[in-house]
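Visitor:
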Amino acid sequence: MSPSRRYTKTHEWIAIEEGRMEGAVGITDFAQKEVTDVVFVELPKMGKKIPRGGEIAIIESVKAAFSIYAPAGGEVVAVNHSLDGDPGLLNRDPYGHGWICQIRVNDPSELESLMDDKTYEAFLADGGGVPGHG
Amino acid sequence: MNLPLHPLHLKEGGHVVDFHGFALPVRFSSILEESAAVRERSGLFDISHMGHFEIRGSDVVQAVNRLISSDLERVPSNKALYGHILTEEGGVVDDIMAYRFGEERVDLIVNASNRDIDRKWIEDRLPSGVRLADHSDGHVGMALQGPMSPRVIGKILPSLVDMGRREARTLSWKGGQFLVSRTGYTGEDGWELFGPSSEGFTLYSEILESGKAAGILLPAGLGARDLLRLEAGYPLYGQELTLDVTPFDARLDFAVSRSKGAFVGKEAILDASGKPIRHEGHPALTGFFVEGRGIPRTDCPIENGSGAVVGKVTSGGYSPRVGGGFGLGFVDPAFDREFRSGVSGKVRIHGQALPISFRPWPFVTGGILRAASV
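These protein sequence lines map, in sequence, to chains F and H.
With our numbering applied, the first sequence has no gaps in its numbers, which climb one by one up to 136 at the end.
With our numbering applied, the second sequence has no gaps in its numbers, which climb one by one up to 381 at the end.
The following block contains the structure:
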């Protein structure tokens, strides 16, 4: 069973299996459609410690630069270097091969305040989807 | 403010943003897709935000000529001319296109951001007997650009296909009066058309539908327009042109006639022998290519080899046709001289200093663009 995703209001997702501390982080399909034309992804360094809401990556698209924020505080334990050679993965497969990094979260209870699928969908439908950036 | 074509843009899936108070599509599909379409096939832009003045009177050619840097009197009738409106100090009030129709009519197309300033500036300086009519409010402007533009326009307005480069005409279409010219802001062949909202709406729709059905046209937004004009090395008012720089600072020497008579700002930018005057402390426009992964944006600092800030990016971007990040920037003239001779510099993006090398513009060739002579 694939881990369920949790979402931020700034359109990042994090997927952590029940009982685990590490999970992949990426941007949502809505976000990749807003960003479009990804040219570079500035990935975090392995071992980087980051607070919740801290900048974890920068996506450079033709239009603008977009900061990506950590859905939960923790440490970067894996980085998706295939984005270096093929940043378009972020557009083509945002929930799969377009993941950005994995973090080991400090405090799993931080995930509880994030949105689940249904809540995020409602958030988008409610106009919360209009991003502050871009 | 919503412009007449706004409902069509929503129908086409346009992502609408605010641009100087006007709601305009920044993109429909993607900036890369739309800019590639314009370089390879064609694209249709909404430029209804631009200002359109029609100026009439018996001395109109001389009157307008006194307000612009290029020489309208040496341009034949039915020809478009690029020029600058200058202050007495030689700063740029706006960059404009002027269209001369005989001896008694001159039309001007001006930037959206400067419409009101320009109108007042011009009206305050016109002699009595010369009158300005402002068609900007509620009009429709469109730019059809790209190598396949002749095929697209030929389906709807076949009489325009034989127009020469920069030729301008007035056109009556379905009862509306249009200003039409074979000009553009992308470096490609194409047409720009301005007319009343109702007939303009119909014309835009017909061009779009016909071009899309033939598979040779996409609607294109401000994002593609900005990237294409930057590739072509064309200035954008507010970025490469401001009240604080002269046309020579922006390296738009061709926009200034050195042989014409008096015009506002002449004494500040040309000496008695017709040579450009350099102003102490003014920056120089330079072009650069980023050696590494990074996209420069407006206001990113430009540094010399020892890390001292020597200027900033006025316009930057990324283009697969240029092969990476590139841009224009105002820098210290001393730095510009060494930069042009091959000394590298740096641009600071998200706190990181990336190496840059001088790149002459236009940054791309083809279309109507030829390689720069440095």
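Note that CB positions come from ideal geometry on N, CA and C, so glycine has one too.
In this text, all values refer to a predicted model and were calculated from it rather than measured experimentally.
Does DSSP classify Ile-163/H as helix, strand or coil?
Guide: Ile-163/H falls in the helix class under three-state DSSP.
Visitor: Going along the chain, which unbroken runs of the beta strand (DSSP E) with 3 or more residues stay wholly within the region 124 to 211 of chain H?
Guide: Listed in chain order, the complete beta strand (DSSP E) runs (minimum 3 residues) inside the region 124 to 211 of chain H are 138 to 141, 147 to 152, 175 to 180, 183 to 188, 197 to 202.
Visitor: Can you look up Val-371/H in the DSSP assignment and give me helix, strand or coil?
Guide: Three-state result, Val-371/H: coil.
Visitor: Does any residue of chain H bring its CB to less than 7 Å from the CB of Glu-62/F?
Guide: Answer yes: the Cβ-Cβ gap between Glu-62/F and chain H drops below 7 Å somewhere.
Visitor: Answer yes or no: does any C-beta atom of chain H fall closer than 7 Å to that of Asp-39/F?
Guide: Yes, its Cβ sits closer than 7 Å to a Cβ of chain H.
Visitor: Could you run through the region 306 to 324 of chain H and flag, in chain order, every residue whose CB is less than 8 Å away from some CB of chain F?
Guide: Result list: Gly-324.
Visitor: Along the region 37 to 62 of chain H, what residues have a CB closer than 7 Å to any CB found in chain F?
Guide: Listed in sequence order: Ser-37, Ile-38, Leu-39.
Visitor: Here's a check: name, in chain order, each residue in its chain whose Cβ is nearer than 8 Å to the Cβ of Ile-160/H, leaving out the five neighbours to either side.
Guide: Here the set comprises Leu-151, Leu-167, Val-168, Trp-198, Ile-214.
Visitor: Per DSSP, what kind of secondary structure is Arg-258/H in: helix, strand or coil?
Guide: Note: Arg-258/H maps to coil in three-state DSSP.
Visitor: When DSSP labels each residue in this structure, what does Leu-224/H get in the three-state scheme?
Guide: The answer is coil: DSSP assigns Leu-224/H none of H, G, I, E or B.
Visitor: So, for Pro-242/H: in the same chain, excluding its five sequence neighbours on each side, which residues have a beta-carbon less than 7 Å away from its beta-carbon?
Guide: Hits under 7 Å: Asp-102, Leu-248, Ala-257, Leu-259.
Visitor: Beta-carbon separation of Glu-96/H and Ala-275/H under 7 Å?
Guide: Yes, the pair counts as a contact, with Cβ atoms nearer than the cut-off.
Visitor: Ala-239/H to Gly-323/H, Cα distance in whole Å?
Guide: Rounded to whole angstroms, Ala-239/H to Gly-323/H spans 12 Å at the Cα level.
Visitor: Just by C-beta distance, which residues in the region 110 to 123 of chain H are closer than 8 Å to chain F?
Guide: Result list empty, no residue passes.
Visitor: If we cut at 7 Å on Cβ distances, does Lys-50/F have a partner in chain H?
Guide: Chain H, which has no Cβ nearer than 7 Å to the Cβ of Lys-50/F, makes this no.
Visitor: Measuring only between beta-carbons, confirm whether Lys-35/F sits less than 7 Å from chain H.
Guide: It does not; no Cβ of chain H falls within 7 Å.
Visitor: Please name the residue, chosen from Ile-116/H, His-91/H, Thr-190/H, that lies closest to Val-99/H on a Cα-to-Cα basis.
Guide: Of the candidates Ile-116/H, His-91/H, Thr-190/H, the one whose C-alpha sits nearest the C-alpha of Val-99/H is His-91/H.
Visitor: Could you check whether the region 107 to 114 of chain H touches the region 274 to 294 of chain H, counting it as contact only if at least three pairs of C-beta atoms, one from each stretch, sit closer than 8 Å?
Guide: With the cut-off at 8 Å, the region 107 to 114 of chain H and the region 274 to 294 of chain H do not touch.
Visitor: Would you verify that the beta carbon of Gly-134/F is, or is not, closer than 7 Å to some beta carbon of chain H?
Guide: Bear in mind that the predicted position of Gly-134/F carries a pLDDT of just 43, short of 50, making it too unreliable to give a figure here.
Visitor: Helix, strand or coil for Pro-362/H per DSSP?
Guide: Three-state result, Pro-362/H: strand.
Visitor: Going along chain F, which residues have a C-beta under 8 Å from His-357/H?
Guide: Chain F residues near His-357/H: Glu-44, Ile-60, Ala-67.
Visitor: Are Gly-76/F and Arg-106/F close, meaning C-beta to C-beta below 7 Å?
Guide: Against a cut-off of 7 Å, the Cβ pair of Arg-106/F and Gly-76/F comes out as a contact.
Visitor: Strictly below 7 Å CB to CB, what residues from chain F border Arg-300/H?
Guide: Per Cβ cutoff of 7 Å: Phe-42.
Visitor: For Met-8/H, I'd like the list of residues in its chain whose CB is within less than 8 Å of its CB, leaving aside the five on either flank, ordered along the chain.
Guide: These residues qualify, in order along the chain: Gly-28, Phe-29, Ala-30.
Visitor: Taking Ile-356/H as part of the alpha helix (DSSP H), name the residues at either end of that continuous run.
Guide: Note, Ile-356/H: premise wrong, no alpha helix (DSSP H); beta strand (DSSP E) at 352 to 356.
Visitor: Quick check on this structure: which residue in Leu-229/H, Leu-79/H, Phe-333/H, Leu-361/H has the alpha carbon closest to the alpha carbon of Gly-50/H?
Guide: Closest option to Gly-50/H, Cα to Cα, is Leu-229/H.
Visitor: Counting beta carbon pairs with one atom in the region 15 to 26 of chain F and one in the region 42 to 54 of chain F, are three or more of them shorter than 8 Å?
Guide: No, the region 42 to 54 of chain F does not touch the region 15 to 26 of chain F.
Visitor: Under the criterion of a Cβ to heavy atom distance below 6 Å, does Thr-209/H qualify as lining the ligand NAD?
Guide: The model on display carries no ligand, and the ligand NAD is accordingly not part of it.
Visitor: If we define contact as Cβ-Cβ less than 7 Å, is Gly-334/H a contact residue for chain F?
Guide: No, Gly-334/H lies away from the interface with chain F (no Cβ there is under 7 Å from its Cβ).
Visitor: In angstroms with no decimal places, state the Cα-to-Cα distance between Gln-69/H and Pro-362/H.
Guide: Their Cα atoms are separated by approximately 49 Å.
Visitor: Which residue spans inside the region 8 to 83 of chain H form an unbroken alpha helix (DSSP H) run of at least 4?
Guide: Correct list: 13 to 18, 38 to 47, 67 to 72.
Visitor: Report yes if the CB atom of Ile-38/H is closer than 7 Å to the CB atom of Val-41/F, and no otherwise.
Guide: Taking 7 Å as the Cβ cut-off, Ile-38/H and Val-41/F do not qualify as a contacting pair.
Visitor: So is Gly-21/H in contact with chain F if we call contact Cβ pairs under 7 Å?
Guide: No - not a single Cβ of chain F is within 7 Å of the one on Gly-21/H.
Visitor: Helix or strand or just coil, what does DSSP make of Glu-20/F?
Guide: Coil.
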